[in-house]
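Going by UniProt numbering, the first residue of the sequence shown is number 1, and it counts up by one from there. Glycine is no exception: its CB is placed at the ideal position from the N, C-alpha and C atoms. Notes to accompany the following structure.
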Amino acid sequence: MDPDDMEMEMGTPPPATRSLEIEVGDQEVITIDLDSLDQSTEDVIAVLQDAQCRVSIWTQLASEYWRRGWLESAQKITHAAVEFFKQRHDRHSLAPVYLLLANVQIDSSRAAPKMKLQTPQLDKLGDDLLKDTYLGEATVLMNQADPSYQGPLYFLTRGILQLAKQSTMNEAFATFEGVLATTPTNLVALHGKARIMYARKNYRESLQLYQRILRLGPNTQPDPRIGIGLCFWQLGDKVKAKKAWERSLELHPKHWVPELLLGLEALNASKDSKRTEEQRHHAYAVGSKHIERSFGTNQKNAANANCLSEYFIRRGEPRKALKLAERAIQFADTLAVVNEGHLRAGRVAHLEGRYDDAITHYTAAKNLPLASISIAQCHIKKGETPAAIHVLDTMLKGTNPQRTTEAMIMLASLRASERAALSSHESAADKVAARELFDRVQKSASALQPNGAAGKANGSVKTKRPAWLDDVEMHLEVARLWEKENTEKAMAAYQDAKRISESSPKGVDPRIVNNIAVLSHLAGTLPDARAHYEQALGIVSTTWAADENMDGMSTTVLYNLARVYEDQGDAAMAKEAYEKLLSRHSEYIDAKVRLAHMLMAANRSNDANGLLKQALDSRGQDLNLRAYYTHFLLQSNLHQHALKFVFTTLQMEKSDLYGTCAAAWLHYHLAREIRSTNEEMTRERRHKFKSAAEFYEKALSLDPGCSVAAQGLAIMVAEDALGVLSLKASSAPGEDEETRMRNTREALDVFAKIREVMADGSVYTNMGHCYYMRDEYERAIESYETGLTKYYNGENASVLMCLSRAWYAKASRDQSFASMRTALHFAQQAQKIVPGDKSIRYNIAVIGQRAAELVFSLNTAKRTLEELQQAQEYATNAQRFLSALSEDKSEGGLPYDKEMASQRHMYGTVLLRKGADQVAQQEKYEMEYKAKLDAARDVRTAERAAIAAKEQARLEELEREAAALAEERRKAREEAVLWAAQRANESSEDEKPKRRKKEKSANDDLFDDDEEPAAPKEKKERKPRVARKRKGKETSGAEDGLSSGAEDVDRPKKRLVKKRVVHDDDDEPVDNRARKKFKSADVIDDSDEELEKMDRLEEERLRLSRTNLDDPASPMKGESRAIDDVDME
């Protein structure tokens, strides 16, 4: 409830006495009883004019009429006052009258409509003036007032007028502030400021102002308790808000504002999911009564009309609801109330089927999410699905998106539906968009679950569960969208639908259970699929047995159950289920086809043929049935019958894609079987190849994306079927190398495109054929293996033989026995799959002979005895196969040349005779090779031992030299310390105490930390000269000579001092300086030479100690490799 809907009346407060005395002349006094006034004003106006009353009497009387609600009477008095004072030229007295008239116009505007509908259906206002008209007249009256009259009444009237216009709220605030600056307790100004604070959403300051008004004037009007309650409501304290409104209603029982607010509070309480159903019903009844009483008091209030309109919509009284909705639209002061009015008017039109009117009202309120959704619903009702999608798209993705879950669900459902006007590409794009929308809905649902983010954030607070979470149809639609794209998501959606369906009175829908079973079936989880099928069948026969559509559902589930029995290998159960199904519905073609398929797998082709013919007799026009029968004829090697049957099918339906492709393949296959023994046969062969190409082209014209037809044409291009192949019987490619390479390259390009759209192993097999024809055997092997492992689970005999052929060709080219052995392995794998195939046995024999021939032809150094023996075994097995094949007396054509088998058998006999000599020769070679290799290893071992002994001796010598040098260095260090101590004792007697104190630190630097310090000695002044004496030798070298060696002694930093202390005590004093300098250098130089020698010896010793005789970099290792690489021949 907006405070703007509260009354704010202006006027002079009534006097304590309810009578007004008017002096007429000098003697007569007329008393007017204000409590007994009537609406007639002629007598009153005459008295006021005769008495020439002052302006306050005129305005007081006019205010009394106004207070009673007699606006017309009050206006007559004020207009008479204007005429009276104009005649007297009393401009100052006119100002209060104009201000009173302005207040009357402002008050009249509160009951005036804000706008008028152009074509209202029920609430027709006639000639009623608009609110802006009244406010405009009030502005004119304000401007007519004397500018010199600037009292409180003027400013308060101006502030109220500015507040009523709403666009000048800031100016109104300044006006009220000006009044309060001079009169802080002015109740009207406080009211105006409080309302402005509320409109600015400054609810706490507004509450303080209303509370101040209540303290200053508990009985003032409008009641400040209403504003207090509104502020408490906005601040979240709804209990205090309700108490404030109840107190206001208690004091003013006939006031409509608290009634309306209490009604709204009760209606909101009726929507609280925390309350019980009984409490909610009670709250709704109480709220409705409050609203009705409020509307009875003021029928021109938009908020009242809006609430009652919703009430009558729920009661199913659309006419009353529409009138009230139109009333709300025309009298509303705020855009929110106008939108609500249009929404309810649109709902009434929607219910009545007036969709254009509904769309008009909804469009006026389209910033409300419900209005946009309702527009889309109207378009759907009108059959305008694209328009509905556009409305929802605009709503969700426009400049001001309204992301409501219900709108996303509705848009996803529309995009998921099939529409005739859409192309396949557009339909696929729509389904992608639908899946994305449902994913967003799923995320919203996850947030609303008890374990979701929202649930965790709210803690124990219970939130109302949205209805769409339990919408079974939504979950089913999600499942249908994901069935072909992501079976896991589809399964999850079906499981959700099943969970919701279980709570329905009839229990879970068997169709949902069947769909779950189908997904499990397709995913290969056959036990789960079987359990769900049986569950669905049980539901159909019990709880849903009375449903008239369940017979068809029972048939479907039983057929699916039979299929899963069949896939599990339970042929008896599958047959029983199919027969049970056919006993109920003998016309069920699919069951007959599956039963015939099982019979054909059991080599009961005649029985299968009988069932299929029965099916054709009942439904001979069924193209799927005819397609399967074509397949049956092809599997039975009845190619001529199949061709005739396909022609019959194409006569029935020329655009049958399966029949067209089958006709193409049959022509191609029959053409390859024709032997071009004469010109007529050649022409027939060429004609059939041409017909095959034409049928493939026709198939592509029927469906440009038909990968089977594209692949057939690519095969014909690769084999040059319309060129050389059509002229000769051999199935080999054309002899022209350039043509062959070009054709296979073109075919590979086509196969690469087919591979992107057709997930089938035949594509990879054909690519392997092309690579084989191009002599790219490695890539051919790669293609064959991809198709075999990815699509055939390694159990396709034809592809295994292709792999064997590729490895055979590679082995022949590379002269590799390992490759030939691989070729034989794949051929043997194919034989395990098709044990009775004689062509595979013949190929195994040929490969075995060729493997033996290959190994026998190799040099003895390039083969092993094991390989030779294995090849001999292959040749022996080949002889056994060839013997049986050459003596085969089976009727009918054989898949190999019997004469050739006989010749190969004789050749194998000769080959095996060579085997013994080859084995003996290989054994002799390997024995000689082994003897030479052992001798070379013995030589290598002896040389390694000699080198190791030599190196060990050298290492021991180096260690002895290093030990001797270390001992010399130790003695030199001891002598140096002794000399230094002696010199210090000699010079200590002549040193002064001060000098002795300075020498202490020098002596400390002279010795290592673990030596006893010597006595102080005199510092020498020849330090620079000693440094120059070294001539480039670092002084650290001398220090190294004194401190490095076996013992780890720290070296002092001042190395030159040591040079000065080393001297010869036997030298003469005269030559002491030079001799000491010479001897110091001599000793240090000798130490440096020794140290350098010692370091070199140490490094050599360490290098030798780290040397590994088995290191690949060592000479011994090089010799070892040289011995290994000796050519034993």
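Item                                                                                                                    : Value
Reduced DSSP category for Glu28 - H, G, I as helix; E, B as strand; rest coil                                           : strand
Beta-carbon proximity list for Ala283, same chain, < 6 Å, skipping 5 on both sides                                      : Ala266, Ala269 and Ser270
Residues bridged to Ser19 (per DSSP)                                                                                    : Asp33
Bounding residues of the alpha helix (DSSP H) (the contiguous stretch that carries Val646)                              : His639 to Met652
Contact set for Lys86: own chain, Cβ-Cβ below 8 Å, skip 5 residues either direction                                     : Leu94
Those runs of the alpha helix (DSSP H) which lie wholly inside the stretch 78-166 and span at least 4 residues          : 91-110, 131-144 and 152-165
Three-state class that DSSP yields for Lys240 in the structure shown                                                    : helix
The stretch 179-190 / the stretch 155-168 touching (three or more Cβ pairs under 8 Å)                                   : yes
Coil, strand or helix - Glu292 by DSSP                                                                                  : helix
Segment contact flag, the stretch 893-902 with the stretch 854-869, C-beta cutoff 8 Å, min 3 pairs                      : no
Given 8 Å, three or more beta-carbon pairs between the stretch 97-110 and the stretch 159-167                           : yes
Ile213, enclosing alpha helix (DSSP H) - first and last residue                                                         : Tyr203 to Leu216
At least 3 beta-carbon pairs within less than 8 Å: the stretch 207-221 vs the stretch 167-179                           : no
Span separating the alpha-carbon of Ser273 from that of His79                                                           : 58 Å
Continuous alpha helix (DSSP H) stretch holding Ala602: start and end                                                   : Run containing Ala602: none; DSSP gives neither H nor E here.
Where His532 falls: helix, strand or coil (DSSP)                                                                        : helix
Leu582 to Val846 span [Cα, whole Å]                                                                                     : 51 Å
Neighbourhood of Arg293 by C-beta distance below 6 Å, restricted to the same chain and skipping five residues each side : Glu259
Gln640 versus Val750, Glu673, Ser423 and Ala963, residue with shortest Cα-Cα distance                                   : Glu673
Candidates Gln49, Leu20 and Val24: closest to Asp35 by CA position                                                      : Leu20
Inter-residue Cα distance where the pair is Ala305 and Asn298                                                           : 10 Å
Secondary structure of Asn793, DSSP reduced to three states                                                             : coil
Backbone CA spacing between Ile589 and Leu788 [nearest angstrom]                                                        : 34 Å
Rounded Cβ spacing between His532 and Thr555 (contact assumed at less than 8 Å)                                         : Going by Cβ atoms, the distance from His532 to Thr555 rounds to 17 Å, so no, they are not a contact pair.
Three-state secondary structure assigned by DSSP to Ala710                                                              : helix
Contact under 9 Å by Cβ, Leu264 with Cys307                                                                             : yes
Ala601 versus Lys592: straight-line alpha-carbon distance, rounded                                                      : 14 Å
Ala365 (DSSP reduced to helix, strand or coil)                                                                          : coil
Contact between the stretch 131-139 and the stretch 351-370 (3+ Cβ pairs under 8 Å)                                     : no
Sequence-distant residues of the same chain with beta carbon closer than 6 Å to Ala574, five excluded per side          : Ala562, Tyr565 and Glu566
Pick from Asp127, Arg110 and Ala111 that is closest to Leu117, judged by C-alpha positions                              : Asp127
Own chain, CB closer than 8 Å to Arg18, minus 5 neighbours either side, in chain order                                  : Asp33, Leu34 and Asp35
Enclosing alpha helix (DSSP H) for Pro222 [first to last residue]                                                       : Premise fails: Pro222 is in no alpha helix (DSSP H) and is neither H nor E.
Beta-carbon spacing of Arg480, Ala490 below 9 Å                                                                         : yes
Cβ separation of Ser812 and Phe826, assumed to be a contact under 8 Å, to the nearest whole Å                           : Actually they do not touch by this definition, with Cβ atoms about 15 Å apart.
Proximity of Ser372 and Lys366 at Cβ, strictly below 9 Å                                                                : yes
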